[in-house]
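Participant: These protein sequence lines are chains H and V, in that order. Counting in our numbering, the first sequence runs from 41 upward without gaps. Counting in our numbering, the second sequence runs from 41 upward without gaps. C-beta atoms are modelled at their ideal positions from N, C-alpha and C, and glycine is treated no differently. What you are looking at is a predicted structure, and each value in this text was computed from that prediction instead of being measured. Structure provided below as structure tokens; questions to follow.
2 protein chains.
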Amino acid sequence: MVYTLLSQLEKDASLTDEEKEIIKASFREMTFAKKDLLLLPGKVSKYEYFIAKGCIRAYIVDQKGHEHNIRFGIENSWIGDLYSFFKQTESTCHIQAIEASTVLAIDYENFNHLMNTMPKFEHFSRLLFQYGVMANQLRLSQSLALTAEERYLSFIEKYPHLQQRIPQKHIASYLGMTAEFLSLLRKKITQK
Amino acid sequence: MVYTLLSQLEKDASLTDEEKEIIKASFREMTFAKKDLLLLPGKVSKYEYFIAKGCIRAYIVDQKGHEHNIRFGIENSWIGDLYSFFKQTESTCHIQAIEASTVLAIDYENFNHLMNTMPKFEHFSRLLFQYGVMANQLRLSQSLALTAEERYLSFIEKYPHLQQRIPQKHIASYLGMTAEFLSLLRKKITQK
Chain H
41 MVYTLLSQLE KDASLTDEEK EIIKASFREM TFAKKDLLLL PGKVSKYEYF IAKGCIRAYI
101 VDQKGHEHNI RFGIENSWIG DLYSFFKQTE STCHIQAIEA STVLAIDYEN FNHLMNTMPK
161 FEHFSRLLFQ YGVMANQLRL SQSLALTAEE RYLSFIEKYP HLQQRIPQKH IASYLGMTAE
221 FLSLLRKKIT QK
Chain V
41 MVYTLLSQLE KDASLTDEEK EIIKASFREM TFAKKDLLLL PGKVSKYEYF IAKGCIRAYI
101 VDQKGHEHNI RFGIENSWIG DLYSFFKQTE STCHIQAIEA STVLAIDYEN FNHLMNTMPK
161 FEHFSRLLFQ YGVMANQLRL SQSLALTAEE RYLSFIEKYP HLQQRIPQKH IASYLGMTAE
221 FLSLLRKKIT QK
């Protein structure tokens, strides 16, 4: 599974065999069953997860007990609570496997050590965080400026295969609408 | 003004005189009057701005014509539309000076050149984007999980002097409430 991660890292810079060994030694492979929780509110996030296989969601539960999905992660993407991880403070998120998943987990000490000692890993991290800021910005502006239908069409364009893997109620929650509203929206779009 | 920026960069790593000269040459000082627009929707974001003096906001206008403030920037912080800047695509944001402001502006070519040729600048950018992702995550989780009163109290704790510098209507819009609701909330808090 670690080769999936290394090939992702090598998209940006070639790695020497020694660097590959150091990176491999910094990650632990873990497997989770469907519905397993990787993180709970009140716990400090111990790991950032590179998803080698599967599908994982991060969500917040509001004061009324409603779930709000804030991110989905699939193969070759990362998931975690970066705020809790880097501040080493209690998380406010749930992170849960939507499918049986295999991840490569890296802890705080190893992540910082790699960033501070291996310029190529810092380069990779810079790009990762840069894309993260850009994705957050796009999501925020779309949530404010687009109609519900436009948000849904943008979602299925960005994640064409996710609809088959994620329950509709989770997609609805990610898009800020009820499952009933999304169901009506999909019918309307199909009839067009 | 460029010394403000250099002292910010030097918090993370000391710079040689040569590196300082290269960084200085990569930025242009610009001044804006109150209410000047630095970026409009439909335009490609040419610059990222380091704010040396003043206060600047980024906002989205929704389809009903309502403004939604997405970020405020003050001295020693950055503002811009990173998505439009790095993708070199049309922006969806307005960026506007709330006060007369002096900024140090860097264009896409210079930003990328510094990141790709000066490891200390890449290190600085990595931290900048990392904090950006963390701040966005905190804001999203607070907008979902906190009450209006908690969001307001968190805002004034984080930005203790911003209330005096920014019209209440802009703070209300940032916090996702009407100006009238924020006014009632402030009265309620004062009376406690």
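Taking 8 Å as the CB-CB cut-off, is alanine 185(V) touching chain H?
Facilitator: Translated into the one-based positions of the second sequence, residue 185(V) becomes position 145. Yes, alanine 185(V) lies at the interface with chain H (some Cβ there is under 8 Å from its Cβ).
Participant: Find the residues of chain V that neighbour tyrosine 123(H), judging by a C-beta separation of less than 7 Å, and give them in chain order.
Facilitator: The residue labelled residue 123(H) in the question sits at position 83 within the first sequence. Near tyrosine 123(H) (Cβ distances below 7 Å), the residues of chain V are Met174, Gln177, Leu178.
Participant: Using a cut-off of 7 Å between C-beta atoms, extract the partners of threonine 132(H) located in chain V.
Facilitator: In the first sequence, the residue the question calls residue 132(H) occupies position 92. In chain order: Ser181, Ala185.
Participant: Quick check on aspartate 102(H) - is its C-beta less than 8 Å from some C-beta in chain V?
Facilitator: Walking along the first sequence from the start, residue 102(H) turns up at place 62. Interface residue, yes.
Participant: I'd like to know if glutamine 136(H) contacts chain V, where contact means its C-beta is closer than 8 Å to some C-beta of that chain.
Facilitator: Within the first sequence, residue 136(H) is the residue found at index 96, counting from 1. Glutamine 136(H) does not count as touching chain V.
Participant: Can you list, in chain order, the residues of its chain with a C-beta nearer than 7 Å to that of methionine 217(H)? Leave out the 5 residues immediately preceding and following it.
Facilitator: Mapped onto the first sequence, residue 217(H) falls at position 177. Answer for methionine 217(H): Ala188, listed in chain order.
Participant: Assuming cysteine 133(V) and proline 81(V) make a contact with CB atoms under 8 Å, what is their CB distance in whole Å?
Facilitator: Taking the second sequence and counting its residues from 1, one reaches residue 133(V) at position 93. Taking the second sequence and counting its residues from 1, one reaches residue 81(V) at position 41. Sure, about 7 Å apart at Cβ, within 8 Å.
Participant: Shorter than 8 Å from the beta carbon of arginine 166(H) to some beta carbon of chain V?
Facilitator: In the first sequence, counting from the first residue as 1, residue 166(H) sits at position 126. Closer than 8 Å: yes.
Participant: Using a Cβ-Cβ cut-off of less than 8 Å, list which residues of the region 90-114 of chain H approach chain V; keep chain order.
Facilitator: Answer set for the region 90-114 of chain H: Ile100, Val101, Asp102, Gln103, His108, Ile110.
Participant: Between phenylalanine 126(V) and chain H, is any beta-carbon pair separated by less than 8 Å?
Facilitator: In the second sequence, counting from the first residue as 1, residue 126(V) sits at position 86. Yes, because at least one Cβ of chain H sits closer than 8 Å to the Cβ of phenylalanine 126(V).
Participant: May I ask which residues mark the beginning and end of the beta strand (DSSP E) holding glycine 172(H)?
Facilitator: On the first sequence, position 132 is the one that residue 172(H) refers to. No beta strand (DSSP E) holds glycine 172(H); the alpha helix (DSSP H) holding it covers 159-185.
Participant: Could you please give me the residues that DSSP links to valine 143(H) through a beta bridge?
Facilitator: Position 103 of the first sequence, counted from the start, is the residue given in the question as residue 143(H). Valine 143(H) is bridged to Met70(H), Ile91(H).
Participant: In the DSSP assignment, find the alpha helix (DSSP H) that holds tyrosine 192(V) and state where it starts and stops.
Facilitator: In the second sequence, the residue the question calls residue 192(V) occupies position 152. Run containing tyrosine 192(V): 188-198, per the alpha helix (DSSP H) assignment.
Participant: List the residues of chain V whose Cβ lies closer than 9 Å to the Cβ of glutamate 61(H), in chain order.
Facilitator: Taking the first residue of the first sequence as 1, we reach residue 61(H) at position 21. In chain order: nothing, as chain V lies at least about 22 Å away.
Participant: Pick out whichever of Phe67(V), Ala92(V), Ile119(V), Leu46(V) has its Cα sitting closest to the Cα of leucine 78(V).
Facilitator: Looking up residue 78(V) in the second sequence gives position 38. The residue with the shortest Cα to Cα distance from leucine 78(V) is Ile119(V).
Participant: For alanine 53(H), which three-state DSSP category applies?
Facilitator: Position 13 of the first sequence holds residue 53(H). Reduced to three states, the DSSP call for alanine 53(H) is coil.
Participant: Phenylalanine 234(H) and phenylalanine 169(V) look like a contact to me (Cβ under 8 Å); what is the Cβ gap, rounded to whole Å?
Facilitator: Any answer about residue 234(H) is impossible in this case: the structure gives chain H only from 41 up to 232.
Participant: Buried or exposed: arginine 166(V), going by 16 or more other Cβ atoms within 10 Å of its Cβ?
Facilitator: Taking the second sequence and counting its residues from 1, one reaches residue 166(V) at position 126. So arginine 166(V) ends up on the buried side.
Participant: Below 8 Å on the Cβ atoms is my contact criterion, and I expect glutamine 48(H) with isoleucine 96(H) to pass it. Report the Cβ-Cβ distance as a whole number of Å.
Facilitator: Here residue 48(H) refers to the residue found at position 8 when the first sequence is read from its first residue. Here residue 96(H) refers to the residue found at position 56 when the first sequence is read from its first residue. Going by Cβ atoms, the distance from glutamine 48(H) to isoleucine 96(H) rounds to 16 Å, so no, they are not a contact pair.
Participant: Please report the distance separating the alpha-carbon of phenylalanine 161(V) from that of glutamate 69(V).
Facilitator: Here residue 161(V) is taken as the residue at index 121 of the second sequence, counted from 1. Here residue 69(V) is taken as the residue at index 29 of the second sequence, counted from 1. The straight-line gap from Cα to Cα measures roughly 19 Å.
Participant: Shorter than 8 Å from the beta carbon of glutamine 170(V) to some beta carbon of chain H?
Facilitator: Against the second sequence, residue 170(V) aligns to sequence position 130. It does; some Cβ of chain H falls within 8 Å.
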